[in-house]
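Numbered according to numbering that gives the first Met the number 0, the sequence shown spans residues 0 to 216.
Ideal Cβ placement from N, Cα and C applies to all residues, glycine included.
Remarks on the structure that follows.
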Amino acid sequence: MTQNELKKKVAEAALQYVKDIPVIGVGTGSTVNFFIEMLADYKADIEGAVSSSIGTTERLKKVGIPVLDLNAVSDLKIYIDGADEVNPDKKLIKGGGGALTREKIIAEASEKFVCIADETKCVDVLGAFPLPIEVIPMARSFVAREMVKLGGQPVWRENFITDNGNEIIDIRNLNITNPIELEKTINNIPGVVTVGLFALRGADIVLVGKGNEVVTL
């Protein structure tokens, strides 16, 4: 199977988790885009979705699914999103598309977080994919210097502004053996809005497109 075929297969497998759930959380990314397309066939059963990005909001509306503000949703049963890297403990790196802050908020607000990914995203140790950090613009250089102290190589994602009006630095050369502790450390740096480590709140279920099948972690 091609990578896109794997993404479609794992997106289809995620549909079972949204049956009979009126309000769902929907993430951002290429695998999730296939999931959104498939949701069109279930829109009669979905009251609305909480979206993690402007791009996802546009796609949901295009297939006829109302988009709800998280502030108006008191009970979010399920969140479906992808990942840039997944380790065996279901800890993730997310944010390659820049939606990490809203993704993290919705993941934390959800009862169950189902991550969908193809096998190329599975790693033993997180960090080969550059770790995104959303920062307040005035703190970009300061946060970058702090990340150098932690052994990373920061690269400013130039000409990119998040949906929240902030900037992103991507941290290379990290070997993340203790993602929970690193997430706490980076969270405590002034000027950091969100780090793309989803370790304190990792995925509950990971669906991986592998070969010709979908494996559940």
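On a Cα-Cα basis, can you pick out the residue from the options that is closest to residue i?
| i | options | result |
| --- | --- | --- |
| K148 | E118, A127 and L181 | L181 |
| A108 | F197, N3, Y16 and G24 | G24 |
| E157 | G151, N165 and G150 | N165 |
| R101 | D203, I160, V22 and T193 | T193 |
| K183 | T176, A198 and N174 | A198 |
| L173 | V207, M0, G195 and I104 | G195 |
| I168 | V66, A138 and I77 | A138 |
| A43 | V49, S51, I20 and A13 | I20 |
| A202 | K209, P87, K6 and V154 | P87 |
| P136 | E57, D123 and W155 | W155 |
| D74 | I204, I105, K90 and T55 | I105 |
| N177 | K90, N3 and I204 | K90 |
May I have the straight-line CA-CA distance separating residue i from residue j, to the nearest angstrom?
| i | j | result |
| --- | --- | --- |
| N211 | C121 | 16 Å |
| I53 | D40 | 22 Å |
| G190 | I92 | 20 Å |
| G126 | R171 | 7 Å |
| V31 | L69 | 19 Å |
| Q152 | V22 | 40 Å |
| L14 | S140 | 42 Å |
| F33 | K111 | 20 Å |
| L5 | I35 | 15 Å |
| A10 | G47 | 19 Å |
| E57 | V124 | 34 Å |
| N186 | R200 | 13 Å |
| G208 | G150 | 33 Å |
In this structure, how does DSSP classify residue i when only helix, strand and coil are distinguished?
| i | result |
| --- | --- |
| P65 | coil |
| E102 | helix |
| I179 | helix |
| G208 | strand |
| G24 | strand |
| P129 | coil |
| S50 | strand |
| P136 | helix |
| K76 | strand |
| V122 | coil |
Look at the Cβ atom of residue i, then the Cβ atom of residue j, and state whether they are nearer than 7 Å.
| i | j | result |
| --- | --- | --- |
| K18 | V213 | no |
| V142 | I179 | no |
| S50 | V66 | yes |
| V85 | Y16 | no |
| L216 | A12 | no |
(request) Could you say if the stretch 126-135 and the stretch 88-102 meet the contact criterion of at least three C-beta pairs nearer than 8 Å? (result) Put simply, the stretch 126-135 touches the stretch 88-102. At least three CB pairs are less than 8 Å apart.
(request) Report yes or no: do the stretch 139-148 and the stretch 46-61 share at least 3 C-beta pairs separated by less than 8 Å? (result) With the cut-off at 8 Å, the stretch 139-148 and the stretch 46-61 do not touch.
(request) Take every Cβ of the stretch 25-38, pair it with every Cβ of the stretch 63-83, and state whether three or more of those distances are shorter than 8 Å. (result) When C-beta atoms of the stretch 25-38 are compared with those of the stretch 63-83, three or more pairs fall below 8 Å, so the two segments count as touching.
(message) Can you confirm whether the stretch 110-117 touches the stretch 159-178 when touching is taken to mean that 3 or more C-beta pairs between the two stretches lie within less than 8 Å?
(response) A contact is defined here as three or more CB-CB pairs under 8 Å, and the stretch 159-178 fails this definition with respect to the stretch 110-117.
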